[in-house]
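*Asks:* The sequence shown: position 229 = 229 (our numbering), numbered continuously. Ideal placement from N, C-alpha and C gives every residue a C-beta, glycine not left out. Next up is a structure, given as structure tokens.
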Amino acid sequence: MKNKIDKIIINSPFDKPVQFWDYDSKLQKFTKKNERRKAGYVIANANEGEFVELPLVNKIRTLVEIWREENYKGISIISRKLLEHWKNNEARQNRFFFCQIEAIETLIWLNESLSDQADSIRKSIPNDGGEFIRYCSKMATGTGKTTVMAMIIAWQILNKVNDSSSKNHSRNILLIAPNLTVKNRLAVLNPNHEKNYYDYFNIVPDDQKEKLRQGNIKIINWHVLAWDTEEKISKRKSVDKRGSKSDKAYVKETLGELSKYKDLVVINDEAHHPWRVNPELKEKKLMIF
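The following block contains the structure:
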């Protein structure tokens, strides 16, 4: 028998979810459950949707929560300072959503935590066959992923500027946009932009703002990564028969000033667009978010 939901929104966006509506398709009935919904997805079929859990995501959620309760054991002084600043609601007009804080907490945990659990998770994350570890933070539309990207950039640059010997951080950031419209929208991630997110959302403490400007940030559209190979050129029906660029020339043209550095953080916005790494980049240390 069908039943009606009296209240759709039952959690605060600023706190950890503690309830969810569970739907029984056979009974066509909603039941409120006093726990957080497990991460997963639904496969549609002829009769009813089949829920498929994402066990690795749920395991990471639990371990990050324990780590949070233990006051972020094992992280750098700057990372701790940033987390305290982001969670200080009295210091900001725009309070961050729980999902934004959890997203950046998870990336910091994966990158910095010295716990055995974190190390075990890092080793167990399935690889896509490439040579670089990629961490994906999936967030629903409207939950503020551009702000999280600003948090990632601040976390990486400020840690590296304050400790140049750090191997877990870089001041060199490459942002990859899925199209020109988004590329223009991501300009707010440049600290020198008049409407930059670091000021607007108070992402960086006052005593660190000038240090943030010591980072190197480049925003490109993902199509520039699809460089021409000799095979592509041979199939081209064009009078332009110039040969392909060398790997070194391509990387220098694409990355500009960033091509000089050996450590590079790549943030791939809307990461459902595939792209491959040029062989020249294999000489660099890449962290891909």
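1) Determine the DSSP secondary structure at Tyr41, reduced to helix, strand or coil.
2) Going by DSSP, what residue range makes up the beta strand (DSSP E) through Thr31?
3) When you compare the CB positions of Arg68 and Glu35, do they come within less than 8 Å of one another, or not?
4) In whole angstroms, what is the alpha-carbon distance linking Ile133 and Val18?
5) Taking Cβ positions, are Ile217 and Leu175 nearer each other than 8 Å?
6) Distance check for Val57 and Ser120, CA to CA, integer angstroms please.
7) Suppose you measure from the CA of Thr338 to the CA of Thr181; what does that come to, to the nearest Å?
8) Within the continuous alpha helix (DSSP H) that includes Asp119, where are the two ends?
9) What span of residues does the alpha helix (DSSP H) with Lys183 cover, start to end?
10) Can you look up Phe98 in the DSSP assignment and give me helix, strand or coil?
11) Leaving out five residues before and five after Ile108 in sequence, what residues of the same chain have Cβ atoms less than 8 Å from its Cβ?
*Replies:* Put simply:
1) Residue numbering aside, residue 41 sits at position 41 when the sequence shown is read from its first letter. Looking at Tyr41 - three-state DSSP - the assignment turns out to be strand.
2) Here residue 31 refers to the residue found at position 31 when the sequence shown is read from its first residue. Its beta strand (DSSP E) spans residues 29–33.
3) Here residue 68 is taken as the residue at index 68 of the sequence shown, counted from 1. Here residue 35 is taken as the residue at index 35 of the sequence shown, counted from 1. No, the Cβ-Cβ distance between Arg68 and Glu35 is not below 8 Å.
4) For the purposes of this step, residue 133 is taken as residue 133 along the sequence shown, with counting starting at 1. For the purposes of this step, residue 18 is taken as residue 18 along the sequence shown, with counting starting at 1. Ile133 and Val18: Cα-Cα distance of roughly 32 Å.
5) What you label residue 217 is simply residue 217 of the sequence shown in a count that begins at 1. What you label residue 175 is simply residue 175 of the sequence shown in a count that begins at 1. In terms of Cβ geometry, Ile217 and Leu175 form a close pair [threshold 8 Å].
6) For the purposes of this step, residue 120 is taken as the residue at position 120 of the sequence shown. For the purposes of this step, residue 57 is taken as the residue at position 57 of the sequence shown. Val57 has its alpha-carbon roughly 14 Å from the corresponding atom of Ser120.
7) Nothing can be reported for residue 338, as the shown portion of the chain is limited to 1 through 289.
8) Position 119 of the sequence shown, counting from 1, holds the residue named residue 119. Here the alpha helix (DSSP H) through Asp119 covers 116–124.
9) Translated into positions along the sequence shown, residue 183 becomes position 183. Counting along the chain, the unbroken alpha helix (DSSP H) around Lys183 starts and ends at 180–185.
10) In the sequence shown, residue 98 corresponds to position 98, counting from 1. Three-state DSSP puts Phe98 in a helix.
11) Start at 1 with the first residue of the sequence shown, and residue 108 comes out as number 108. Result list for Ile108: Tyr72, Ile75, Ser79, Leu83, Trp155, in chain order.
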